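Residue numbers (this note's numbering), protein chains in the order written: chain A, 2 to 300; chain B, 94 to 337. What follows is a short report on a single structure.
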Ligand SMILES: Nc1ncnc2c1ncn2[C@@H]1O[C@H](COP(=O)(O)OP(=O)(O)OP(=O)(O)O)[C@@H](O)[C@H]1O
Ligand SMILES: [Mg+2]
């Protein structure tokens, strides 16, 4: 989908565009966007077109980070995450350095800081719970003396490592997904030779999550309305059936989607209209990422 | 005589579980005709439609589209000519944005990107969704998704449009819009429906199918006046005809 990936053509065009589909940057509700959009016969100011809200909207913004080749961003993200995960527990300077790097990428990409923090913080409850067990695992105990005691010292380092690494790694994916439309991520994975099966899986996951959630909701409503007061054990057993039912529906759905794809000439790979091209900016990104990874790994 | 848009000869089909769904269907539809396929639930309408581009293959009998006999070697040609719109638009909109979905067929046909863009634009315009090109399908209303599903096959410029219940689950306004939209399309149409008003206003000809057989085939106006026939096959007269 969406635009050519050409760095430098971020400014909206001045001449009124011809009617039809366009891929250039344009102003929309006070923001500069770039994505496939439509101009009616009389293209005036305030022409109306819709697109995804929330996360998708941010991916339509125009910035140097958005302009980067999705392949460079995907590989960069993987390298960074590997460096973060595989390095020994981070010192404060490393953490702050990486965090500053990610935040400046987010800022250049026009992602609101609060949005990035909120998204990244999602991982904290899970990582926090795991981290809490780290001091105990090293021979500490739940008593105050145990948690604060000498034995637990190494455990607190492990806890910090888990928390800081999880937070940074998730921030990397937040910046990637906030500045890259899903269809471009898919296109990037495709040209990185990720097998078609995984790409189809990924794009269907994106498309059908809501559909399945709605189906699950309606099944649960049906269940609750027919059995409002049921002992918990029986209810859980029913949820088992419900999962089976959902699986069958998903299977049927898959079969019908496959039929619909065949009808339109599908022959094995998902076609997209995006063209990719690496530029100097992408090389720069890779350099920054490699330096950061090396710094974390070797420091 | 020019070859028919669609020709089924003694088509029989059973599902793998043994259910006999079609037991000898003969149907010829000429270029430019619009035919309504009427019948109760389980009559075999959807099964018949799935034969029109080779998703299902007849156990016996033959299917020809525009004079081309449907077989392994002709699948691609036939599928490029037949536009199949499924009942549930969520089955048809499987890409991440509306643009990608409508471009799916043309890209598979190997067209250049400019041609693809032009076709996507034309198709989205025809269904009134051009301004939503970059929206993901899950953000569209049901009526919009139903029209979007139609656009995904219009972009392939099909000569034969095959529609399974094009007006089901639409609210009255969306339903009227869909009927007007289909009426404006010049392609040959065959549509399965329970919506008698839709059938009456779109199709001059109607075929009643029940138990996997065609039990009546003729001008819509006559079929829809035949209360005994309709009653016998679980159908009812369109309200528009009743009023007049
Ligand atoms: N996948 C399947 N496996 C087995 N039997 C099936 C399958 N799909 C349909 N059938 C059976 O084939 C017969 C014809 O079904 P079909 O879906 O063609 O009916 P229909 O006329 O489209 O009905 P409706 O108006 O409910 O859509 C029915 O008896 C149905 O139960
Ligand atoms: Mg059906």
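The C-beta atom is built at its ideal place from N, Cα and C for all residues, glycine as well. Please read these numbers as outputs of a predicted model, since none were measured by experiment.
Just how far apart, CA to CA, sit residue i and residue j?
| i | j | result |
| --- | --- | --- |
| residue 105 of chain B | residue 154 of chain B | 6 angstroms |
| residue 244 of chain A | residue 287 of chain A | 44 angstroms |
| residue 129 of chain A | residue 164 of chain A | 6 angstroms |
| residue 108 of chain B | residue 150 of chain B | 11 angstroms |
| residue 326 of chain B | residue 138 of chain B | 13 angstroms |
| residue 283 of chain B | residue 256 of chain B | 6 angstroms |
| residue 200 of chain B | residue 146 of chain B | 19 angstroms |
| residue 323 of chain B | residue 36 of chain A | 51 angstroms |
| residue 259 of chain B | residue 238 of chain B | 11 angstroms |
| residue 262 of chain A | residue 292 of chain A | 44 angstroms |
| residue 296 of chain A | residue 171 of chain A | 19 angstroms |
With 8 angstroms as the threshold, decide whether the Cβ of residue i is near any Cβ in chain B.
| i | result |
| --- | --- |
| residue 183 of chain A | yes |
| residue 205 of chain A | yes |
| residue 216 of chain A | no |
| residue 304 of chain A | The structure shown does not extend to residue 304 of chain A, since chain A is modelled only from 2 through 300, so no value can be given for it. |
| residue 38 of chain A | yes |
| residue 57 of chain A | yes |
| residue 258 of chain A | yes |
| residue 278 of chain A | no |
| residue 75 of chain A | no |
| residue 208 of chain A | yes |
| residue 267 of chain A | yes |
| residue 283 of chain A | no |
| residue 250 of chain A | no |
| residue 254 of chain A | yes |
| residue 79 of chain A | no |
| residue 200 of chain A | no |
| residue 187 of chain A | yes |
Whose C-alpha, out of the options, is nearest the C-alpha of residue i?
| i | options | result |
| --- | --- | --- |
| residue 215 of chain B | B:241, B:224, B:248 | B:248 |
| residue 101 of chain B | B:207, B:132, B:130, B:141 | B:141 |
| residue 60 of chain A | A:85, A:26, A:77 | A:26 |
| residue 162 of chain A | A:216, A:193, A:234, A:86 | A:86 |
| residue 182 of chain A | A:118, A:67, A:24 | A:67 |
| residue 190 of chain B | B:315, B:170, B:217 | B:217 |
| residue 173 of chain B | B:185, B:159, B:186 | B:159 |
| residue 242 of chain A | A:92, A:221, A:202 | A:221 |
| residue 265 of chain B | B:285, B:241, B:290, B:255 | B:290 |
| residue 222 of chain B | B:283, B:201, B:245, B:208 | B:245 |
| residue 302 of chain B | B:236, B:212, B:135, B:259 | B:135 |
| residue 132 of chain B | B:97, B:99, B:114, B:233 | B:114 |
| residue 285 of chain A | A:206, A:63, A:77 | A:77 |
| residue 299 of chain B | B:127, B:117, B:96, B:112 | B:127 |
| residue 111 of chain A | A:33, A:83, A:70, A:28 | A:33 |
| residue 180 of chain B | A:104, A:196, A:260 | A:260 |
Would you check whether ligand 1 has a heavy atom nearer than 7 angstroms to the C-beta of residue i?
| i | result |
| --- | --- |
| residue 252 of chain A | no |
| residue 255 of chain A | no |
| residue 134 of chain B | yes |
| residue 114 of chain B | yes |
| residue 192 of chain B | no |
| residue 110 of chain B | yes |
Could you name the residues of chain B that residue i contacts, counting a contact when the two beta carbons are closer than 8 angstroms?
| i | result |
| --- | --- |
| residue 21 of chain A | 210, 211, 214 |
| residue 211 of chain A | 231 |
| residue 302 of chain A | Because chain A in this structure spans residues 2 to 300, residue 302 of chain A falls outside the shown range and cannot be described. |
Verify the CB distance criterion: does residue i have a CB-CB separation below 8 angstroms to chain A?
| i | result |
| --- | --- |
| residue 189 of chain B | yes |
| residue 158 of chain B | no |
| residue 257 of chain B | no |
| residue 148 of chain B | yes |
| residue 192 of chain B | yes |
| residue 110 of chain B | no |
| residue 201 of chain B | yes |
| residue 169 of chain B | yes |
| residue 238 of chain B | no |
| residue 267 of chain B | no |
| residue 227 of chain B | yes |
| residue 249 of chain B | yes |
Is any heavy atom of ligand 2 found at a distance shorter than 7 angstroms from the C-beta of residue i?
| i | result |
| --- | --- |
| residue 285 of chain B | yes |
| residue 261 of chain B | no |
| residue 303 of chain B | no |
| residue 395 of chain B | The question about residue 395 of chain B has no answer, for chain B in this structure spans 94 to 337. |
| residue 139 of chain B | yes |
Along chain A, in chain order, which residues have C-beta atoms closer than 7 angstroms to that of residue i?
| i | result |
| --- | --- |
| residue 271 of chain B | Within 7 angstroms Cβ-Cβ: nothing; residue 271 of chain B doesn't reach chain A, min ~19 angstroms. |
Name the chain A residues whose beta carbon is nearer than 9 angstroms to that of residue i?
| i | result |
| --- | --- |
| residue 235 of chain B | Residues of chain A passing the Cβ test: none, with the nearest at roughly 11 angstroms. |
| residue 245 of chain B | 261, 265 |
Against residue i, what residues of chain A qualify as contacts under a CB-to-CB distance less than 8 angstroms, listed in chain order?
| i | result |
| --- | --- |
| residue 198 of chain B | 265, 266 |
| residue 184 of chain B | 254, 257, 258, 260, 261 |
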